Each structure stands twice: as C-alpha cells, then as structure tokens.
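If you read the sequence shown in the numbering used here, its first letter stands for residue 2, the second for the next number, and so on.
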Amino acid sequence: MRTRTDTIVFRLGFTLAVLVLAAFLALIATVVLACGVIVGGPAGWAAGIVLGIVVAQVTRRPCGALIGRLVASV
C-alpha cells in the first residue's frame, strides 16, 4: 500500500512527465508554424513539416528518457 508521500511524488512525477510531453509537442508545432509563416505558401508548410520531423527525431530520445525517469521515479 502506498503512503501519502508516495502518492504525492507519483502524481508530481506524472504531472511533470505530461508537461514535458506537452513541451515536446509545442516545440514541434512551433517549428512547423514558424516555417509556414516565414516561408509562406505550400512550400513553407512542407518545409516546416520536414523540419518538424527532424526536430522530433533529434529531441525524441532525451525527452523520452526524461519522461521515463519522471514516471519510474516512484
């Protein structure tokens, strides 16, 4: 049975993991939107999607490791 402290730490870790995931998705969305606005037109959006995929692949491992540590910390 979990103590009250264990429950609080678990909820905090889970909440922080959700915030890291939201920041990861916001970063990708910002990259896509910035390319679409700066370059403009279908070419800008296509470039934004490609750059968003690159950013997602580069940041996937560090964000995944952080989320794993936050959730598994309890």
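Think of the CB as a built atom: it goes at the ideal place given N, C-alpha and C, for glycine as much as any other residue. Model, not experiment: these values are computed from the prediction.
| Query | Result |
| --- | --- |
| Roughly how many angstroms lie between the CA atoms of Ile9 and Gly69, to the nearest whole one? | 17 Å |
| Of the residues Ala18, Val19 and Ala48, which one's Cα is nearest the Cα of Thr31? | Ala48 |
| Measuring straight from C-alpha to C-alpha, what distance separates Thr6 and Val72? | 15 Å |
| So, with DSSP's three-state summary, where would you put Gly41? | coil |
| To the nearest whole angstrom, what separates the beta carbons of Leu28 and Val56, a pair I think is in contact under 8 Å? | 7 Å |
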